Amino acid sequence: MLREQRDSIETLQADVGRALHEFGYGEACTFAVRLALEEALVNGFRHGNKGDASKSVTVRCHVDAGLMQLEVQDEGEGFNPETVPDPTAEENIEIPSGRGIMLMRAYMTSVEYVPPGNCLRITYRREEGPRA
Amino acid sequence: MSAQGPIRISTEPECTRVEFTEKHVIDEVVIRQIGNELTKLVDASPRPRLVVSFTGVEHLSSAALGTLLTVMNRVRAKDGQLRLCDIAPQILQIFEITKLNKVLRIEKDLAAAKASLGGAA
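Protein chains in written order, with the working numbering: chain A, 1 to 132; chain B, 1 to 121.
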């Protein structure tokens with residue numbers, strides 16, 4: 001369980017990075033996972049928990065030789081990711097927010113919101129790498 | 001040259017150059033600070049000419065992209081110019097995925113960024 005503190009987020013990032021390294025994942029994967037985890041945590045704290053410092057985000061991580069899977073669960077009510085507008089559409093391209101989910105989807109093999117939408121499951125399968 | 005936390009600002013004849021002092025531009029608090037400092041820079045100039053160098057930057061979050069867009073809009077509102085340069089391939093890919101490479105003007109390096117600036121300083 002994490003509070004929104006940079007130190008604890010960095011410790012988690014380092015732990016995940018170490019696990020990836022131990023299983024021989026390369027730099028591209030480490031970069032992608034770091035980016036996805038950062039975006040997932042920010043979404044959990046900012047949108048899920050609505051910035052409430054008394055709330056936490058729970059992260060579960062599994063790494064083996066074939067895949068890395070993260071579950072990032074906040075204490076919010078959940079949301080439907082389909083309601084997030086396409087940030088690359090002409091009418092949205094200059095809007096400063098709304099690119100986190102897109103980046104996660106681009107770099108990860110799969111990104112799923114587990115109902116009711118407050119748990120994000122992101123999976124990176126080996127050899128697939130950044131797909132965008 | 002003045003050191004101001006997460007960014008370093010240098011005033012040059014052709015432009016104001018901004019560099020990041022951290023290799024990870026991902027912390028929301030730091031990104032807000034960067035945004036505030038860049039806003040001050042833009043507001044202080046009648047027609048800003050800003051070159052943001054990404055030398056040494058290894059990670060960038062979507063929040064940082066948002067800040068760059070906000071700065072771009074402020075620069076544009078003052079009929080100024082903004083260039084990004086020295087972007088590592090993995091960071092450039094983030095701009096490409098989000099298609100922000102079509103909105104933000106990206107140059108290969110500082111020399112190219114300076115050369116691309118038009119009009120009087």
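We put the CB at the ideal spot given by N, CA and C, even for glycine.
Nothing here was measured: the structure is a model prediction, and the numbers come from that model.
Item to check | Nearest-angstrom beta carbon gap, Glu71(A) and Arg121(A) [assumed within contact, 8 Å] | outcome: 5 Å
Item to check | Where Phe31(A) falls: helix, strand or coil (DSSP) | outcome: DSSP places Phe31(A) in helix when its eight states are reduced to three.
Next on the checklist: By the three-class DSSP mapping on this structure, what secondary structure does Ile9(B) have?
Outcome noted: strand
Checklist entry - By Cβ distance below 6 Å, which residues in the same chain neighbour Ala40(A) in space, the five residues on each side in sequence not counted? => result Within the same chain, and ignoring the five residues on either side of Ala40(A) in sequence, the residues whose Cβ sits closer than 6 Å to its Cβ are Val72, Leu120.
Checklist entry - Got a sec, what are the start and stop residues for the beta strand (DSSP E) Thr99(A) sits in? => result In the sequence as presented, Thr is not what sits at residue 99(A); that position holds Arg. Per DSSP, Arg99(A) belongs to no beta strand (DSSP E) and is neither H nor E.
Item to check | Start-to-end residues for the alpha helix (DSSP H) that takes in Phe95(B) | outcome: 89–97
Checklist entry - Within the chosen definition, does the segment 7–15 of chain B reach the segment 36–53 of chain B through at least 3 CB pairs nearer than 8 Å? => result yes
Checklist entry - Is the distance from the Cβ of Gly51(A) to the Cβ of Asn118(A) below 7 Å? => result The criterion of a C-beta distance shorter than 7 Å is not satisfied by Gly51(A) and Asn118(A).
Checklist entry - Gln33(B) CB to nearest chain A CB: under 7 Å? => result no
Checklist entry - Taking the continuous alpha helix (DSSP H) assigned at Arg60(A), which residues delimit it? => result It is not in any alpha helix (DSSP H) - Arg60(A) instead sits in the beta strand (DSSP E) that spans 58–63.
Checklist entry - For the candidate residues Ser8(A), Asp15(A), Tyr113(A), whose alpha-carbon lies nearest to that of His62(A)? => result Among Ser8(A), Asp15(A), Tyr113(A), the Cα nearest to that of His62(A) belongs to Asp15(A).
Item to check | Neighbour-count burial assignment, Met72(B), 16 or more Cβ in a 10 Å radius | outcome: buried
Checklist entry - What residue from Asn92(A), Leu35(A), Glu127(A), Ser97(A) has the CA that sits closest to Arg105(A)'s CA? => result Leu35(A)
Checklist entry - Do the CB positions of Pro85(A) and Leu69(B) come within less than 7 Å of each other? => result No.
Next on the checklist: Among Thr88(A), Thr30(A), Arg125(A), whose alpha-carbon lies nearest the alpha-carbon of Leu65(B)?
Outcome noted: Thr88(A)
Item to check | Ile122(A) (DSSP reduced to helix, strand or coil) | outcome: The answer is strand: DSSP assigns Ile122(A) an E or B state.
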